[in-house]
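Comments concern the structure below.
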Amino acid sequence: MNILFCRSDLKLAGPAKLIFESAKALKFRGHDVITVTGGGEFSKHFEKTNMLHHSLPELRLESRGILSTFKAIMVIRGLLKSYDIDVIHSFNAHSAIVCFLAALLTFKKINIVNTVLGNGKESILKFIPCKYIAVSTSVKNKLVSYNVKPKRIDVVYNSIIPVERVIDIKKLNNKHAHFELNHGEKLTFCSIAMFTGKKGQERIISSLSRLPNNYNFEIIFIGDGLTRQSCEQLAEKNGIKNKCKFVGAQDDVYKWIDLADIFIHMPDMETFGMVLIEAMARGLPVIATDVGGIPEVVGQNTGRLLTLNPNETDFLTAIEDIKLNYIYMSNKSRERVLELFTLEKLTKNYEKAYEV
Numbered sequence: 201m202n203i204l205f206c207r208s209d210l211k212l213a214g215p216a217k218l219i220f221e222s223a224k225a226l227k228f229r230g231h232d233v234i235t236v237t238g239g240g241e242f243s244k245h246f247e248k249t250n251m252l253h254h255s256l257p258e259l260r261l262e263s264r265g266i267l268s269t270f271k272a273i274m275v276i277r278g279l280l281k282s283y284d285i286d287v288i289h290s291f292n293a294h295s296a297i298v299c300f301l302a303a304l305l306t307f308k309k310i311n312i313v314n315t316v317l318g319n320g321k322e323s324i325l326k327f328i329p330c331k332y333i334a335v336s337t338s339v340k341n342k343l344v345s346y347n348v349k350p351k352r353i354d355v356v357y358n359s360i361i362p363v364e365r366v367i368d369i370k371k372l373n374n375k376h377a378h379f380e381l382n383h384g385e386k387l388t389f390c391s392i393a394m395f396t397g398k399k400g401q402e403r404i405i406s407s408l409s410r411l412p413n414n415y416n417f418e419i420i421f422i423g424d425g426l427t428r429q430s431c432e433q434l435a436e437k438n439g440i441k442n443k444c445k446f447v448g449a450q451d452d453v454y455k456w457i458d459l460a461d462i463f464i465h466m467p468d469m470e471t472f473g474m475v476l477i478e479a480m481a482r483g484l485p486v487i488a489t490d491v492g493g494i495p496e497v498v499g500q501n502t503g504r505l506l507t508l509n510p511n512e513t514d515f516l517t518a519i520e521d522i523k524l525n526y527i528y529m530s531n532k533s534r535e536r537v538l539e540l541f542t543l544e545k546l547t548k549n550y551e552k553a554y555e556v
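Anchor point for the sequence shown: position 331 equals 531 in this note's numbering, and the numbering is continuous, going up by one each time.
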């Protein structure tokens, strides 16, 4: 099957990683995959691995206009014909519209699938004749509320964890033994997210600062962005700067996850939460906010869910519950990823959607 992936950009974020890892996995399964995007920081990963990627600046949202959109349509039309594409898989509404119009101009039957990574608020989506992939039931419900017919929507969790990235059970048992030896006396937390003001680092810092004064912990913040400096200042203001390690954006997050005991993710909204899967794959129980698609990822056996503004008692209780049931929750986190959230399951579900 010849497949074209399309998105407006390849920023260093979840959607870019999803496109890259999915393209690799589908290629491994025998499909020919080309990707066309507006470019971005993540493009270098395609170049390093010789994955076929076409940069089309006219696709970028900031370049959107009549002339640029027309050029994008014609370039993609040429790619569809040159590579004899059978399936278009777009990853945002703008690219879906451009690809739909390009496909019309080929006068060939091409299946179109669009993954909705956000909240599915675009009212125009109901007019695009394609199959939709929602990354959680929460997103599907939002699409339905905007009058997209349910039969046009498949729920496919956008997990990109290869089975080999799931922690080896022997290594996990060693981690459990170390945790028991220390009786969880010093806890290491980990958080992964861009600093946007909406991913909850401020909420995490405030919650941690309200723990008892003698509570022994440290937290590793992975990620960069506009609000990183203000978060560092907040940690200093709240008296926990020496317990907070800000390490910036990292290509390999797993080496940092493996240093931690518990993963914390407290965003305002999250349609799925890829970072939760990355942490659970390494056997980490999770503390997260009960929003969007997060409850579909974090079960009662794998962590604790909190309100957007938990009080100090609720936050401390969540930590202590996890400490008390640490080995059980750690094992269940790993098992849940293997059961529901592997890259292999994702690509098989993609193939089913492509056949419609």
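Backbone N, C-alpha and C fix where the C-beta goes; we use that ideal spot for every residue, glycine too.
Under the Cβ criterion (8 Å, minimum of three pairs), the segment 436 to 452 does not count as touching the segment 506 to 524. Short of 7 Å from the beta carbon of K375, and not among the five residues preceding or following it, lie these beta carbons of its own chain, in chain order: G483.
Looking at the DSSP output, T315 sits in a beta bridge with I333. The beta carbons of V313 and C330 sit about 6 Å from each other, so the pair counts as a contact at 8 Å.
Residue state for H383 is assigned as coil, using DSSP reduced to three classes.
Look at E322 here: in three-state DSSP terms it is coil, with no helix or strand label. As computed with DSSP, R504 is found in a beta bridge with I487. With fewer than 16 other Cβ atoms inside 10 Å of its own Cβ, K370 counts as exposed. Straight across, the Cα-Cα distance linking K443 with I419 is about 6 Å. By the neighbour-count definition (other C-beta atoms within 10 Å, threshold 16), H253 is a buried residue.
With a cutoff of 8 Å on beta-carbon distance, L505 and D514 are scored as not near each other. Partner residues in the beta bridge of L204, as assigned by DSSP, are I234, I288. In the DSSP assignment, E418 forms a beta bridge with T388. Annotation: the continuous alpha helix (DSSP H) that includes K548 extends over 543 to 554.
Ranking L210, G230, A293 by CA distance to the CA of P257 puts L210 first. When secondary structure is reduced to three states using DSSP, F270 falls in the helix class. In the three-state reduction of the DSSP assignment, D521 falls in the helix class.
Burial of Y554 is indicated by the presence of at least 16 other C-beta atoms within 10 angstroms of its C-beta. The DSSP-derived three-state label of K309 is coil. Here V366 has A481, R534, V537, L538 as same chain residues with Cβ atoms under 7 Å from its own Cβ, once five neighbours each way along the sequence are excluded. No residue range can be given for V498, since it is assigned to no beta strand (DSSP E) and is classified by DSSP as neither H nor E.
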